[in-house]
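Read through the structure below, which is laid out as C-alpha coordinates, and then see the notes.
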Amino acid sequence: MTRFAASMAEHREELVQLDTAIGDGDHGTNMDRGMRKALEKLGAAEQADAGAVLKTVAMALISSVGGAAGPLYGTLLLQMGTALEGKDDVDLETYTAAWRKGVEGVQARGKAEPRDKTMVDALLPALQALERAPDLDSGLQDAASAAERGMLDTIPLIARKGRASYLGERSKDHQDPGATSTYYLCQTAAETLAS
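Here the sequence shown is numbered in the working numbering, starting from -2 and rising by one per residue.
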(Lines of atoms letter the chains of each structure in order from A and count residues from 1; the text may use other names and numbers.)
(Lines give C-alpha, C1' and ligand atoms only; values in the text may rest on other atoms or scores of the structure.)
Protein backbone atom coordinates (compact mmCIF):
# COMPACT_ATOMS: atom_id res chain seq x y z
CA MET A 1 0.00 0.00 0.00
CA THR A 2 2.95 2.31 0.66
CA ARG A 3 4.28 1.66 -2.82
CA PHE A 4 0.82 2.12 -4.37
CA ALA A 5 0.49 5.45 -2.55
CA ALA A 6 3.84 6.51 -4.01
CA SER A 7 2.66 5.41 -7.45
CA MET A 8 -0.52 7.48 -7.14
CA ALA A 9 1.56 10.52 -6.18
CA GLU A 10 3.96 9.90 -9.06
CA HIS A 11 1.20 9.41 -11.65
CA ARG A 12 -1.25 11.98 -10.28
CA GLU A 13 -0.90 14.39 -13.21
CA GLU A 14 -1.16 11.61 -15.79
CA LEU A 15 -4.38 10.35 -14.18
CA VAL A 16 -5.74 13.92 -14.02
CA GLN A 17 -5.07 14.37 -17.74
CA LEU A 18 -6.70 11.06 -18.64
CA ASP A 19 -9.73 11.92 -16.51
CA THR A 20 -9.96 15.46 -17.87
CA ALA A 21 -10.41 14.01 -21.36
CA ILE A 22 -13.41 11.82 -20.49
CA GLY A 23 -14.39 12.55 -16.89
CA ASP A 24 -14.29 15.37 -14.39
CA GLY A 25 -10.50 15.55 -14.15
CA ASP A 26 -10.08 14.61 -10.50
CA HIS A 27 -9.11 10.92 -10.53
CA GLY A 28 -5.39 11.51 -9.98
CA THR A 29 -5.94 14.13 -7.28
CA ASN A 30 -8.52 11.98 -5.52
CA MET A 31 -6.43 8.80 -5.58
CA ASP A 32 -3.33 10.64 -4.37
CA ARG A 33 -5.27 12.30 -1.53
CA GLY A 34 -7.01 9.03 -0.63
CA MET A 35 -3.80 7.03 -0.46
CA ARG A 36 -2.10 9.73 1.63
CA LYS A 37 -5.03 9.49 4.05
CA ALA A 38 -4.75 5.69 4.00
CA LEU A 39 -1.07 5.83 4.95
CA GLU A 40 -1.93 8.14 7.85
CA LYS A 41 -4.50 5.62 9.09
CA LEU A 42 -2.08 2.71 8.66
CA GLY A 43 0.59 4.57 10.59
CA ALA A 44 -1.76 5.40 13.45
CA ALA A 45 -2.36 1.80 14.56
CA GLU A 46 -0.70 -1.57 14.22
CA GLN A 47 -2.41 -3.82 11.67
CA ALA A 48 -3.07 -7.44 12.62
CA ASP A 49 -2.62 -8.94 9.15
CA ALA A 50 -2.90 -8.27 5.41
CA GLY A 51 -6.69 -8.29 5.67
CA ALA A 52 -6.65 -5.57 8.32
CA VAL A 53 -4.28 -3.45 6.20
CA LEU A 54 -6.57 -3.66 3.17
CA LYS A 55 -9.69 -2.90 5.23
CA THR A 56 -8.02 0.16 6.77
CA VAL A 57 -7.03 1.45 3.33
CA ALA A 58 -10.52 0.70 1.99
CA MET A 59 -12.23 2.73 4.70
CA ALA A 60 -9.83 5.63 4.20
CA LEU A 61 -10.55 5.66 0.46
CA ILE A 62 -14.31 5.43 0.95
CA SER A 63 -14.27 8.36 3.39
CA SER A 64 -11.85 10.62 1.52
CA VAL A 65 -12.13 9.96 -2.24
CA GLY A 66 -14.96 11.56 -4.16
CA GLY A 67 -16.70 10.32 -7.29
CA ALA A 68 -16.85 6.65 -8.18
CA ALA A 69 -13.22 5.86 -7.31
CA GLY A 70 -13.66 5.93 -3.53
CA PRO A 71 -16.55 3.47 -3.36
CA LEU A 72 -15.12 1.23 -6.10
CA TYR A 73 -11.56 1.02 -4.77
CA GLY A 74 -12.99 0.81 -1.26
CA THR A 75 -15.13 -2.15 -2.28
CA LEU A 76 -12.22 -3.86 -4.06
CA LEU A 77 -9.92 -3.59 -1.05
CA LEU A 78 -12.62 -4.25 1.55
CA GLN A 79 -13.64 -7.49 -0.17
CA MET A 80 -9.99 -8.52 -0.58
CA GLY A 81 -9.36 -7.64 3.06
CA THR A 82 -12.29 -9.77 4.19
CA ALA A 83 -10.95 -12.71 2.16
CA LEU A 84 -7.46 -12.29 3.69
CA GLU A 85 -8.62 -11.73 7.27
CA GLY A 86 -6.54 -13.71 9.75
CA LYS A 87 -4.14 -14.95 7.07
CA ASP A 88 -0.46 -14.64 7.93
CA ASP A 89 0.87 -16.31 4.80
CA VAL A 90 -0.63 -15.52 1.42
CA ASP A 91 -0.06 -18.03 -1.37
CA LEU A 92 -1.31 -17.98 -4.97
CA GLU A 93 -4.61 -19.67 -4.15
CA THR A 94 -5.35 -17.29 -1.26
CA TYR A 95 -4.34 -14.19 -3.22
CA THR A 96 -6.38 -15.26 -6.25
CA ALA A 97 -9.45 -15.95 -4.09
CA ALA A 98 -9.08 -12.49 -2.50
CA TRP A 99 -8.70 -10.84 -5.91
CA ARG A 100 -11.78 -12.72 -7.20
CA LYS A 101 -13.81 -11.52 -4.21
CA GLY A 102 -12.64 -7.94 -4.82
CA VAL A 103 -13.46 -8.01 -8.54
CA GLU A 104 -16.91 -9.47 -7.85
CA GLY A 105 -17.51 -6.68 -5.34
CA VAL A 106 -16.50 -3.98 -7.83
CA GLN A 107 -18.73 -5.46 -10.52
CA ALA A 108 -21.68 -5.75 -8.15
CA ARG A 109 -21.27 -2.13 -6.97
CA GLY A 110 -20.50 -0.52 -10.32
CA LYS A 111 -22.58 -2.85 -12.53
CA ALA A 112 -19.69 -2.80 -15.03
CA GLU A 113 -18.88 -5.55 -17.49
CA PRO A 114 -15.83 -6.11 -19.68
CA ARG A 115 -15.51 -3.54 -22.49
CA ASP A 116 -17.55 -0.91 -20.61
CA LYS A 117 -14.33 1.18 -20.43
CA THR A 118 -13.86 1.03 -16.66
CA MET A 119 -11.40 -0.36 -14.12
CA VAL A 120 -13.05 -3.76 -14.68
CA ASP A 121 -11.25 -3.90 -18.04
CA ALA A 122 -7.95 -4.11 -16.12
CA LEU A 123 -9.23 -6.03 -13.07
CA LEU A 124 -10.68 -9.02 -14.89
CA PRO A 125 -7.65 -9.79 -17.08
CA ALA A 126 -5.47 -9.56 -13.95
CA LEU A 127 -7.73 -12.05 -12.17
CA GLN A 128 -7.72 -14.40 -15.17
CA ALA A 129 -3.91 -14.27 -15.27
CA LEU A 130 -3.78 -15.19 -11.57
CA GLU A 131 -6.16 -18.09 -12.16
CA ARG A 132 -3.84 -19.52 -14.86
CA ALA A 133 -0.56 -18.92 -13.03
CA PRO A 134 1.63 -21.80 -11.78
CA ASP A 135 2.87 -19.87 -8.71
CA LEU A 136 2.43 -16.53 -6.92
CA ASP A 137 5.49 -14.80 -8.41
CA SER A 138 4.45 -15.63 -11.97
CA GLY A 139 0.86 -14.76 -11.13
CA LEU A 140 1.76 -11.31 -9.84
CA GLN A 141 3.88 -10.53 -12.92
CA ASP A 142 1.29 -11.97 -15.32
CA ALA A 143 -1.52 -10.07 -13.57
CA ALA A 144 0.36 -6.78 -13.99
CA SER A 145 0.98 -7.49 -17.69
CA ALA A 146 -2.65 -8.50 -18.22
CA ALA A 147 -3.90 -5.36 -16.41
CA GLU A 148 -1.66 -3.24 -18.64
CA ARG A 149 -3.10 -4.87 -21.78
CA GLY A 150 -6.62 -4.38 -20.41
CA MET A 151 -5.85 -0.72 -19.71
CA LEU A 152 -4.56 -0.15 -23.24
CA ASP A 153 -7.54 -2.03 -24.67
CA THR A 154 -9.84 0.65 -23.22
CA ILE A 155 -8.49 3.25 -25.68
CA PRO A 156 -10.70 2.32 -28.68
CA LEU A 157 -13.78 1.58 -26.56
CA ILE A 158 -16.86 3.77 -26.21
CA ALA A 159 -17.64 4.20 -22.51
CA ARG A 160 -20.85 2.56 -21.30
CA LYS A 161 -20.54 3.39 -17.60
CA GLY A 162 -19.70 6.39 -15.46
CA ARG A 163 -19.28 10.01 -16.42
CA ALA A 164 -17.39 9.05 -19.61
CA SER A 165 -20.53 7.33 -20.92
CA TYR A 166 -22.18 10.78 -21.30
CA LEU A 167 -19.67 11.52 -24.06
CA GLY A 168 -20.75 8.62 -26.26
CA GLU A 169 -18.52 8.40 -29.35
CA ARG A 170 -16.27 11.16 -28.01
CA SER A 171 -15.06 8.80 -25.26
CA LYS A 172 -13.30 6.78 -27.98
CA ASP A 173 -9.51 7.02 -28.39
CA HIS A 174 -8.96 7.84 -24.71
CA GLN A 175 -7.44 5.55 -22.09
CA ASP A 176 -9.67 4.95 -19.08
CA PRO A 177 -8.24 6.55 -15.90
CA GLY A 178 -9.72 3.89 -13.59
CA ALA A 179 -8.20 1.08 -15.63
CA THR A 180 -4.91 3.00 -15.52
CA SER A 181 -4.83 3.33 -11.73
CA THR A 182 -5.82 -0.35 -11.52
CA TYR A 183 -2.81 -1.24 -13.65
CA TYR A 184 -0.61 0.73 -11.25
CA LEU A 185 -2.12 -1.23 -8.35
CA CYS A 186 -1.23 -4.52 -10.06
CA GLN A 187 2.21 -3.24 -11.00
CA THR A 188 3.03 -2.21 -7.44
CA ALA A 189 1.72 -5.54 -6.10
CA ALA A 190 4.09 -7.37 -8.47
CA GLU A 191 7.03 -5.14 -7.53
CA THR A 192 6.38 -5.50 -3.82
CA LEU A 193 5.16 -9.06 -3.34
CA ALA A 194 7.03 -11.06 -5.98
CA SER A 195 10.28 -12.50 -4.65
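All C-beta atoms, glycine included, are put in the ideal place defined by N, C-alpha and C. Just so it is clear, the structure is predicted and the values come from calculations on it, not from any experiment.
*Close Cβ partners of Leu39 (< 6 Å) along its chain, the five nearest in sequence each way excluded*: Along the sequence shown, read from residue 1 onward, the residue named residue 39 stands at position 42. Cβ neighbours of Leu39 beyond the five flanking positions: Thr53.
*Cβ of Ala45 within 8 Å of Cβ of Gly78?*
Taking the first residue of the sequence shown as 1, we reach residue 45 at position 48. Taking the first residue of the sequence shown as 1, we reach residue 78 at position 81. For Ala45 and Gly78, no; Cβs fall outside 8 Å.
*How long is the line joining the alpha carbons of Leu73 and Gln172, rounded to whole angstroms?*
Against the sequence shown, residue 73 aligns to sequence position 76. Against the sequence shown, residue 172 aligns to sequence position 175. Going from the Cα of Leu73 to the Cα of Gln172 covers about 21 Å.
*Exposed or buried, Glu110, counting other C-beta atoms within 10 Å across all chains shown (16 or more means buried)?*
As a working note, residue 110 is residue 113 in the sequence shown. That one is exposed.
_Judging by CA-CA distance, which residue of Asp16, Ala2, Ser162 is the nearest neighbour of Leu51?_
Locating residue 51 in the sequence shown gives position 54, where the first residue counts as 1. Selected option, being the one with the closest Cα: Ala2.
_Selection from Ala6, Gln14, Ser178 that minimises the alpha carbon distance to Lys194_ = Because the chain spans -2 through 192 in this model, residue 194 falls outside it and cannot be assessed.
*asked:* Alpha carbons only, please: which of Gly22, Ala95, Tyr92, Cys183 is nearest the one belonging to Asp118?
replied: In the sequence shown, residue 118 corresponds to position 121, counting from 1. Checking every option, the nearest Cα to that of Asp118 belongs to Cys183.
_Complete alpha helix (DSSP H) runs within the stretch 37 to 102 (minimum length 4 residues, chain order)_ = As far as the stretch 37 to 102 is concerned, its whole alpha helix (DSSP H) runs of at least 4 residues are 47 to 61, 66 to 81.
*Confirm the yes/no value for this check: CB of Asp88, any heavy atom of the ligand MN, distance under 7 Å.*
This structure does not include the ligand MN; it has no bound ligands of any sort.
*asked:* Cutting at 7 Å between CB atoms, please list the residues of its own chain near Asp132, excluding the five before and the five after it.
replied: If you number the sequence shown from 1, residue 132 lands on position 135. The answer, listed in chain order, is Leu89.
*Could you have a look at Arg157 and say whether DSSP puts it in helix, strand or coil?*
Working through the sequence shown from its first residue, we reach residue 157 at position 160. Looking at Arg157 - three-state DSSP - the assignment turns out to be coil, as it is neither helix nor strand.
*Rounded to whole angstroms, what's the CA-CA distance from Ala65 to Val13? Just pull it up for me.*
To locate residue 65, count along the sequence shown from 1; it is residue 68. To locate residue 13, count along the sequence shown from 1; it is residue 16. Computed Cα separation, rounded: 15 Å.
*asked:* Can you tell me whether Gly107 is helix, strand or coil according to DSSP?
replied: Here residue 107 refers to the residue found at position 110 of the sequence shown. Gly107: helix per DSSP, three-state reduction.
*Can you tell me the Cα-Cα spacing of Thr179 and Lys158, whole angstroms?*
In the sequence shown, the residue the question calls residue 179 occupies position 182. In the sequence shown, the residue the question calls residue 158 occupies position 161. If you take the alpha carbons of Thr179 and Lys158, they lie about 16 Å apart.
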